[in-house]
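Novice: With this note's numbering as the guide, the letters of the sequence shown map in order to residues 6 to 179. Where a beta carbon is used, it is the ideal one built from N, C-alpha and C, also for glycine. A quick note: this is a predicted structure, and the numbers were derived from the prediction, not measured.
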Amino acid sequence: MRIRSLGRVAYEPTWRAMQEFTRARAADAEDELWLLEHPPVYTLGLAGRHQHVLAPGDIPVVSTDRGGQVTYHGPGQAIAYVLLDLRPASPRYCTWIAEELSAQNHHALFIPEGVAHGFQTLTDDVEVFYQISEAYHAELSRGVRWDDPAFNIAWPEDDRTLSDRDRQYPDYLR
């Protein structure tokens with residue numbers, strides 16, 4: 006996997022570059038993880054209208070091609086985001102990395118196909134915004150348990166709220 010550290014960049018052109026990367030990549034192209042930060046921004050989803058953003062001030066409003074209404078990406082939110090490589094042919098198979106995503110560091114992640122991901126909130130009132138390359142189909146959803154001994158993921162907080170589904174995944178078999 007190629008890791009691209011982009012530093013602080015504008016949201017919209019980087020988002021468009023991620024879309025183009027996904028659209029144009031060949032089947033054998035190396036996966037990429039894009040680490041970046043961006044200034045505060047509101048994203049306006051397909052269900053959103055500009056009048057839903059009541060007082061954006063100097064914060065840009067970017068229209069996106071995804072669902073939802075309005076999402077603010079800015080100060081006051083933080084999560085620990087874990088990426089777990091589940092691609093059997095990958096040299097990093099069954100290894101994980103963690104990145105803190107926060108309103109202060111403005112990092113975002115590009116997650117390749119075959120890499121599982123999960124997060125833990127580190128502050129209250131966190132909103133997570135996903136952009137996906139294909140439509141979500143709940144019946145195709147899979148997962149691994151957060152505390153599976155096959156991965157030994159070091160989550161930062163002991164306090165957890167889990168869905169029944171996330172609690173009930175069986176041990177992962179390599």
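What's the gap between the Cα of P154 and the Cα of D176?
Specialist: 7 Å
Novice: According to the neighbour-count rule (16 or more other Cβ atoms, all chains shown, within 10 Å of its Cβ), is D129 buried or exposed?
Specialist: That one is exposed.
Novice: Could you name the residues of the same chain whose beta carbon sits closer than 8 Å to that of L114, not counting the 5 residues immediately before and after it, in chain order?
Specialist: L38, W39, L40, Y86, L88, E104, L106 and H122
Novice: Put E104 into one of helix, strand or coil per three-state DSSP.
Specialist: strand
Novice: Please determine, among R147, V149, E17 and F156, the residue with the shortest C-alpha to C-alpha distance to P65.
Specialist: E17
Novice: What residue range does the alpha helix (DSSP H) around R21 cover?
Specialist: Y16 to A29
Novice: Return the first residue and the last residue of the alpha helix (DSSP H) that R172 is part of.
Specialist: It spans D169 to R172 - the alpha helix (DSSP H) in which R172 sits, taken as one unbroken run.
Novice: Assign L49 to one of two classes, buried (16 or more other C-beta atoms within 10 Å of its C-beta) or exposed (fewer than that).
Specialist: Buried, by the Cβ-count rule.
Novice: For A94, which of E118, R170 and E139 has the nearest alpha-carbon?
Specialist: E118
Novice: What is the residue span of the beta strand (DSSP E) that L127 lies within?
Specialist: No beta strand (DSSP E) holds L127; DSSP gives it neither H nor E.
Novice: May I ask you to list the residues that DSSP assigns as paired with A178?
Specialist: For the record, residue 178 in the displayed sequence is Leu; it is not Ala. L178 is not bridged to any residue.
Novice: Helix, strand or coil for L145 per DSSP?
Specialist: helix
Novice: Is the CB-CB distance between V14 and H57 below 7 Å?
Specialist: no
Novice: Here's the rule I'm using: 16 or more other beta-carbon atoms within 10 Å means buried, otherwise exposed. How should H55 be labelled?
Specialist: exposed
Novice: Expressed to the nearest angstrom, what Euclidean distance is found between the alpha-carbon atoms of Q173 and T126?
Specialist: Straight across, the Cα-Cα distance linking Q173 with T126 is about 20 Å.
Novice: What number of angstroms, rounded off, separates the C-alpha of D33 from the C-alpha of T166?
Specialist: 38 Å
Novice: What span of residues does the beta strand (DSSP E) with L49 cover, start to end?
Specialist: V46 to L49
Novice: Just to confirm, are G53 and Q74 a CB contact at a threshold of 7 Å?
Specialist: yes
Novice: Would you decide whether D90 is buried or exposed? Buried here means 16 or more other CB atoms lie within 10 Å of its CB.
Specialist: buried
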